[in-house]
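Enquirer: Each residue of the sequence shown is one higher than the one before, starting from 17 at the first, in the working numbering.
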Amino acid sequence: MLFRSWLTFTAVIFVVQVILGLLAVLQHDAIYSELLRQRIAVIAQTIVASYKPIADLGLPVSMIRNGDAVVSRAKEMDAEISAAHTLNPSGIIVHSTLDPRPQKVPDEVLTAMQLAETETWGTETESDVISGHNIERADGDTVAAVAVSYPKDRLSQASAAIFRNMAVAGILIWVTVSAIAYLVLRLLLAGPRRAIDRLKTLQDADPRKTGPPAVSYEGDNKDVEEGVFEAEVSRLKHNLSEASRQYQSALRFLTEDAKAEEEDAHDAADQGAAQDRQVHSPKRTGSLAGVLALRIAPAAGIAIVFSAIVLGLLVLRDVNRSIEPELAARANLVGVVVSENVRRAVDAGAPLGNLVGAENYFGDMLTRLPEVAYVAVATGRIVLEAGQRIDPYLAPPRQRKDVRSHPILHQGEEIAYVVIDIDPAFIAKRFRDVFLDMSVVALVTALIAFEIMVLLTSRSLTAPLDRLQRLAAMQAAGDFSRTAKPTASGVIAGLSRQLSERAHTVHASVENALANAGSVFKGMPAQSVRARFGFDHFPPAPLRISYFNDIRLALFLFATADELPLAFLPLYTRASENLWPWLNQSVLLSLPLAGYLLAIIVASPFARGLGQRFGLRTLFLAAGVPMIGAHLGLYFAQTAQEIIFWRSVTGVGYALITLACQDYVIDTATRETRDRLLGTFTLVLFGGVLAGVSLGGVLADRLGQQNVFLLSAVLIGVSAVLSFWLIAPGAGSNAGSEDRFSLRAIFAPLRNRRFLAVLMGVAVPMGVIMQAFVSYLVALTLDSLGASTADIGRALTLYFIGVIAAGPLGGSLAQTGLPVRYLAVLAALMAGLALALFAFRPDVTVLVIALAVSGLGFGLARGAQVSLVMAEAETGLKDVGIVAVLGSLRTLERVGSVVGLVVMAGIAGAFGYTAAIGAIAAWVLAGTVLAAIVFLREDPEKTRD
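1) Please classify GLU909 as buried or exposed, where buried requires at least 16 other C-beta atoms within 10 Å of its C-beta.
2) Near LEU114, what residues of its chain come up, given a Cβ to Cβ distance below 6 Å and the 5 sequence neighbours on each side ignored?
3) Could you give the distance in angstroms between the alpha-carbon of THR589 and the alpha-carbon of ALA610?
4) Pairs of beta-carbons, one from the region 920-939 and one from the region 784-795, closer than 8 Å: are there three or more?
5) Measuring alpha carbon to alpha carbon, tell me which of LEU766, ALA840, LEU917 and LEU946 ends up nearest ALA889.
6) When the Cα atoms are used, what is the spatial distance from ILE178 to LEU559?
7) My guess is that GLY818 and GLY943 are in contact by the Cβ rule of under 8 Å, so how many angstroms apart are they, rounded?
8) For a quick check, are the C-beta atoms of ARG153 and VAL145 less than 8 Å apart?
9) Indicate whether ALA60 and SER143 have their beta-carbon atoms separated by less than 8 Å.
10) Could you check if PHE584 is buried or exposed, using at least 16 other CB atoms within 10 Å of its CB as the buried criterion?
11) Using a Cβ-Cβ cutoff of less than 6 Å, which residues in the same chain neighbour LEU726 once the five nearest sequence positions on both sides are dropped?
12) Looking at the strands, I want to know which residues DSSP matches up with PRO167.
13) Measure how close the beta-carbons of ILE339 and ILE443 come, nearest whole angstrom, since I'm counting them as under 8 Å.
14) Between which two residues does the beta strand (DSSP E) containing GLU429 stretch?
15) Could you tell me if the beta carbon of VAL737 falls within a distance shorter than 7 Å of some heavy atom in the ligand COA?
16) If we count the other Cβ atoms within 10 Å of its Cβ and call it buried at 16 or more, is SER297 buried or exposed?
17) Is the region 190-199 touching the region 354-363, taking contact as three or more C-beta pairs under 8 Å?
18) Between the region 100-119 and the region 83-92, are three or more C-beta pairs nearer than 8 Å?
19) Quick check on the burial criterion: 16 or more other C-beta atoms within 10 angstroms. Buried or exposed for ASN565?
20) Kindly confirm or deny that the region 50-59 and the region 173-191 touch, where touching means at least three C-beta pairs closer than 8 Å.
21) Going by DSSP in three states, TYR563 sits in which element: helix, strand or coil?
22) Taking buried to mean at least 16 other C-beta atoms within 10 Å of its own C-beta, is ALA926 buried or exposed?
23) Quick one: give me the first and last residue of the alpha helix (DSSP H) that GLU909 is part of.
24) Beta-carbon separation of ASP799 and LEU587 under 8 Å?
25) Can you find the residues in the same chain that come closer than 8 Å, C-beta to C-beta, to GLN722, ignoring five residues on each side of it along the sequence?
26) What three-state label does DSSP hand LEU599 in the structure shown?
27) How is the beta strand (DSSP E) around ILE443 delimited, first residue to last?
28) Quick one: is ALA27 buried, meaning 16 or more other Cβ sit within 10 Å of its Cβ, or exposed?
29) So is LEU742 buried or exposed if we call it buried at 16+ other beta carbons inside 10 Å?
30) So LEU252 packs on ALA488, CB below 8 Å; how close in whole Å?
31) Decide if the region 563-581 is in contact with the region 701-709; the criterion is three or more beta carbon pairs, one per stretch, under 8 Å apart.
32) Please classify GLN130 as buried or exposed, where buried requires at least 16 other C-beta atoms within 10 Å of its C-beta.
33) For ILE438, tell me which candidate among THR478, LEU382 and LEU400 has the shortest Cα-Cα distance.
34) Just grab the DSSP bridge partners of SER112 for me.
35) Determine the extent of the beta strand (DSSP E) in which GLY403 is found, giving its start and end residues.
36) If the criterion is Cβ atoms closer than 8 Å, does the pair MET454 and LEU36 meet it?
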């Protein structure tokens, strides 16, 4: 257990370090390349200024006789430049720094120039970074361009150096954290390991000399988690001891040793065995995996965050060192360009203090070179300036590390100097998105790590312990009809093997005794003798038990894969070709989601029947294959109509798999654990949604939206393989009576006024928030405000964090005595007001706050509405039944969500996104008023809160 937990721990940390290191290297290369292109673009723009008068006169640039000398200024500004060319719109070079002069620029350079939407453009080849600036006439027509090439060697060397630094740093951090993790895990798992080790005393004990242990079954008031585990082991020790006595008693009975039976009964009476032999029925220990994982999870979270912070600090240090020479070169270029231009103006007779337009010129320079915080011309006092001053002191400028100065000479004398301040936080600002992406990766990794830890703990410890517990309890009650197949070594496997051998021994003894005695043994018919030990015409069979832990990792990965496109799906649809030009674009963008929801509605009634007929494992695989194909179809989709179709297909798979998993939990859980496991099921499902939404935005921003669908297909394939590997064959099949789809059952609860109030006042409005606002309008609104897909994903993450956090918050509010009906109204009210606030003040910050608050409201309302409906199903709708009432709520809520989604899309198309969000707020608030009126009029005594 310790080694597997540590191995998982170290593997998770390793993955985190690799992902974060790669993100850092990619961002470093992107920043370095951008800085390099911007610098040589300034050189190109400076050269263009020499051609501008000729172009404005309508003359071709080839008429400049000293053109080669003009472009050679690029070499004067930066000696490392490999080449500078002046080219006409067809790509023919007319002036160049190379000798002999090339005839034409490469095709990729010409393509970049022709496709450029602005005057400045750039591209990269295998050997060079190229920036260009178009030469335009006064009427805006492009007549030529200047292209400056810079060798890629510096970029390649810097990238290789930063990669080596990140690799070394990542390995050192990983080794250090792994070593600390081993010590921490050894400490955290010490209690469970000691409890398991104490079972070794029973493995080879003589059952005739083993008395019932004096134990406390409530954990002796120890730490809660350790107490649960200790109580389970203590219960197991008692049942093992009783099972040993039953085994010896069975052998004595079957060997017809009457004297031994008499002595055994006499000894048992003397020891008070009538009380001590009470069998302690096992509780389901599937939760023990969660208990142990929760003990490990904080350590895992701290390790992930700590390693990410340390790596982030090292990234900033190394990237600053790597990019510092480029920043110095850029500052030097600014100084050269500014001092040269000011010198020319002064030489032409313009007074230094009366240069017109200098501030605008400096401002343009600051825009093109964002790391330059401040630039000024000074003579001991500021003459011209632009930007925000970093250092308030002027002199002596050449001694300040954050300042670059260049003298301005006139007739051989220094008349002024250029002051340049570099923003010391420039790299940190440029890495802001990377650090936010790192936080998303850390969050998703922590969620996945927890699920993996639960699975490994369950498979290696708690599930074998549960099977042993059940087998021991059965034998303690005299039932030897089951065996356990241990899959590993250790004390639990040894005890399971021992009990299984005893079952086979008792079965062989029964058959041998019946063979010798004939059809009657000790006055009992053969069938009664077999039934006494649990045998019914068959030898001992393996004990099969299903656990929710067997499906939770597959369910988590499936939910993650399904929600990866949520942050950008409307944007992806908008960028595709539309075959229906007659349809409003806003409505068109809502159709993939509407088709997805309608597919869920259509497929949901068949999920339980298919699961019962074929089993969960088969259904998971059967639904997973078309879902993989659908995500591949989304990857290759060219039109909006293809996206609508394939997204609808994924809705069918989502309905079948998630509802079959939910039914699996309901059918395999005991009555005592059903509510807890259904709550865990919801947390796992929304945890996967949270991981998918946050990670999908980051990946779309880094890899492109289209490539995210490939990852979705891979994750669904992994989840299907896990389901095949972890879920027992036939699990979930024939678990109960198959439910039949009935329209009458769906509409029957609508006659109840309180059900109708919950549906129309809470469930449908909150569903419209989820589908129309979160899944549709947020992406489009943030995109219109200039946000990236990564920003959209991070914003949506806050919503689902609120949904998850609402679970324990709702429980706490219920414990304070707040009635559930008031909690539902309060949740809907806070969500509606949050959206209304954005409608009155459309701002990014307000939208993010609205997401967080509405997520919290959705989570509170979701639990409250189910509680209210179930209470009504047990009273006013008792004749309809709980299953039918809940099914009606789920189906009608989704129908209302689809209608609301399309209506809000139409409003967005006609009046804008802000108006649509305001309409949703009005809908929610109107529903809240309706629900409040009905709840206030009802008799509280007739409603079970």
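We put the CB at the ideal spot given by N, CA and C, even for glycine.
Expert: The relevant details are as follows:
1) Here GLU909 is buried: its Cβ has 16 or more other Cβ atoms, across all protein chains shown, within 10 Å.
2) Hits under 6 Å: ALA99.
3) Going by the C-alpha atoms only, they are around 13 Å apart.
4) Enough Cβ pairs lie closer than 8 Å, so yes.
5) The residue from LEU766, ALA840, LEU917 and LEU946 with its alpha-carbon nearest to that of ALA889 is LEU766.
6) Taking the straight line joining both Cα atoms gives about 56 Å.
7) GLY943 and GLY818 do not touch by the CB rule: their CB atoms are close to 19 Å apart, not below 8 Å.
8) ARG153 places its beta carbon 8 Å or farther from that of VAL145.
9) The answer is no: Cβ separation not under 8 Å.
10) That one is buried.
11) A distance below 6 Å between beta-carbons, with the five flanking residues on each side excluded, links LEU726 to the following residues of its chain, in chain order: TYR651.
12) Paired residue(s): ASP144.
13) About 6 Å separates the CB atoms of ILE339 and ILE443; that is less than 8 Å, so the two are in contact.
14) For GLU429, the enclosing beta strand (DSSP E) stretches over residues 429-438.
15) With respect to the ligand COA, the structure shown offers nothing to examine, as it has no ligands at all.
16) With a pLDDT of 44 at SER297, under the threshold of 50, the predicted position of this residue should be treated as unreliable, though the coordinate-derived value follows. Counting the other CB atoms within 10 Å of its CB gives SER297 a total below 16, which places it among the exposed residues.
17) Contact between the region 190-199 and the region 354-363 is absent, because fewer than three Cβ pairs lie under 8 Å.
18) Touching, yes.
19) ASN565 comes out buried.
20) Because the criterion of three Cβ pairs below 8 Å is not met, the region 50-59 and the region 173-191 do not touch.
21) It is coil, neither helix nor strand.
22) With fewer than 16 other Cβ atoms inside 10 Å of its own Cβ, ALA926 counts as exposed.
23) Where GLU909 is concerned, the enclosing alpha helix (DSSP H) stretches over 898-927.
24) Contact annotation: ASP799 and LEU587 have beta-carbon atoms nearer than 8 Å.
25) Cβ contact annotation for GLN722 (same chain, cutoff 8 Å, sequence separation greater than five): TYR588 and TYR651, in chain order.
26) Coil.
27) Following the DSSP letters along the chain, one finds ILE443 in no beta strand (DSSP E) but inside the alpha helix (DSSP H) bounded by residues 442-446.
28) It counts as exposed.
29) Flag for LEU742 reads buried.
30) Yes, LEU252 and ALA488 are in contact; Cβ-Cβ is about 6 Å, under 8 Å.
31) In this structure the region 563-581 touches the region 701-709; the number of beta carbon pairs closer than 8 Å is three or more.
32) Exposed: under 16 other Cβ atoms inside 10 Å.
33) It is LEU382.
34) DSSP, once it has assigned bridges, lists HIS101 as partnering SER112.
35) Residues 398-403.
36) Cβ atoms of MET454 and LEU36: closer than 8 Å.
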